[in-house]
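S.K.: My questions will all concern the structure given below.
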Amino acid sequence: MRKPQGYARVLDPTLPHDVEWDTITCIHCQTIVRIKPGTLATVYLVWDGQHWLEELGAMCAKCDKPVCLACHDIGSCPGPWEQQLERIERIAARAKLRG
Amino acid sequence: MAKYAVAGNKGTASVRTIINARADASAASRGKVYDYMVGSITTPADSTFDHELYRTSTAGTGSAVTPSPLDPADAASVNDASDTITADPTIGVLLMRVPLNQRATYRWVAAPGGELVWPATASNGISGGLAAASTTDFSATLMVDTQ
Chain A
400 MRKPQGYARV LDPTLPHDVE WDTITCIHCQ TIVRIKPGTL ATVYLVWDGQ HWLEELGAMC
460 AKCDKPVCLA CHDIGSCPGP WEQQLERIER IAARAKLRG
Chain B
599 MAKYAVAGNK GTASVRTIIN ARADASAASR GKVYDYMVGS ITTPADSTFD HELYRTSTAG
659 TGSAVTPSPL DPADAASVND ASDTITADPT IGVLLMRVPL NQRATYRWVA APGGELVWPA
719 TASNGISGGL AAASTTDFSA TLMVDTQ
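The listed protein sequences derive, respectively, from chains A and B.
By the working numbering, the letter at position 59 of the first sequence is numbered 458, and the numbering carries on one by one without gaps.
By the working numbering, the letter at position 84 of the second sequence is numbered 682, and the numbering carries on one by one without gaps.
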């Protein structure tokens with residue numbers, strides 16, 4: 400994958416070789432999503448509790464970045480996580496001032 | 599920006615959290631997790647554990663861990679951390695889930711821009727843990743960049 404946002408590796412002595420994959424970080428909530436190799440983040444691998452399922456990847460048209468499927472299902476853009484952080488910190492600061 | 603290593607182990611209490619890094623309760627500051635490593639330190643066995651990274655909003659109960667600066671010239675971390683948790687912190691949004699054999703070791707590394715950031719809000723942080731409470735001991739390291 401070009402420009403991955405992360406990389407994961409599993410060293411498991413019960414497997415014949417190490418397992419590695421690229422990841423993306425959801426621009427809205429920062430969930431780390433496993434990417435199917437060679438798909439340029441267009442196919443996600445999602446753990447359903449028993450298997451890794453192939454799911455069509457998702458993009459936020461406003462942020463122009465990949466998002467996780469849970470954020471995609473919401474259907475609206477809350478802004479990048481950085482903006483949400485600023486909102487959370489403002490609310491916490493106001494609450495602190497009020498005592 | 600100073601970088602810190604937060605290393606610890608879960609202990610044998612029946613909890614989900616292995617290691618927690620968070621903003622200080624009184625002088626809160628943002629932190630960015632850019633690397634996570636986890637493995638079991640008990641007798642090897644073939645069992646599956648669902649490993650997770652999740653947001654937390656309280657400190658929980660555990661032993662304090664001092665984040666260790668990667669550059670010895672850096673000042674002590676303004677953030678806090680704990681391991682050997684006996685009461686889980688308040689667990690929030692799930693950020694990563696990966697099922698692993700107990701014998702396996704896992705590492706996730708963020709590319710620049712892909713880090714997990716916690717807000718500069720009292721005791722808010724990010725923890726490495728399990729999807730379900732377990733008494734099995736694990737060892738984990740979170741690498742944290744401060745802002």
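Glycine included, C-beta positions come from ideal geometry on N, C-alpha and C.
Give me the residue from Leu728(B), Thr703(B), Ser721(B), Ile724(B) with the minimum Cα distance to alanine 407(A).
M.R.: Thr703(B)
S.K.: Here's a check: name, in chain order, each residue in its chain whose Cβ is nearer than 7 angstroms to the Cβ of aspartate 622(B), leaving out the five neighbours to either side.
M.R.: Val676, Asn677, Asp678
S.K.: Looking only at its chain, what residues have a beta carbon closer than 6 angstroms to the beta carbon of isoleucine 616(B), apart from the 5 residues adjacent to it on each side?
M.R.: Lys608, Gly726, Gly727, Phe736, Ala738
S.K.: Could you check if cysteine 462(A) belongs to the surroundings of the ligand HEM, using beta carbon to heavy atom distance under 7 angstroms?
M.R.: Annotation note on the ligand HEM: not contained in the displayed structure, which lists no ligands.
S.K.: For glutamate 517(A), which residues of its own chain have a beta-carbon under 7 angstroms away from its beta-carbon, when the five flanking residues on both sides are left out?
M.R.: With chain A running from 400 to 498 in the structure shown, residue 517(A) is simply not present.
S.K.: CB-CB under 7 angstroms to valine 691(B), same chain, minus the five flanking residues each way: which ones, in chain order?
M.R.: If the five residues before and after valine 691(B) are omitted, its C-beta is found closer than 7 angstroms to the C-beta atoms of Tyr652, Arg653, all from its own chain and listed in chain order.
S.K.: State yes or no: is the beta carbon of glycine 498(A) nearer than 8 angstroms to at least one beta carbon in chain B?
M.R.: No, no contact with chain B.
S.K.: Would you check if there are 3 or more beta carbon pairs closer than 8 angstroms linking the segment 684–701 of chain B to the segment 454–467 of chain A?
M.R.: no
S.K.: Name, please, each residue of chain B whose Cβ falls closer than 9 angstroms to the Cβ of glutamate 488(A).
M.R.: Ala626, Arg628, Pro717, Ala718, Thr719
S.K.: How many Å lie between serine 612(B) and threonine 659(B) at the Cα?
M.R.: 13 angstroms
S.K.: Using a threshold of 8 angstroms, state whether the C-beta atoms of alanine 708(B) and aspartate 633(B) are closer than that.
M.R.: yes
S.K.: Measuring straight from C-alpha to C-alpha, what distance separates alanine 477(A) and glutamine 483(A)?
M.R.: Sequence inspection shows proline at residue 477(A); the alanine mentioned does not correspond to that position. Cα to Cα, the separation comes out at about 7 angstroms.
S.K.: Grab the span of the alpha helix (DSSP H) containing aspartate 472(A) for me, first residue to last.
M.R.: 468–473
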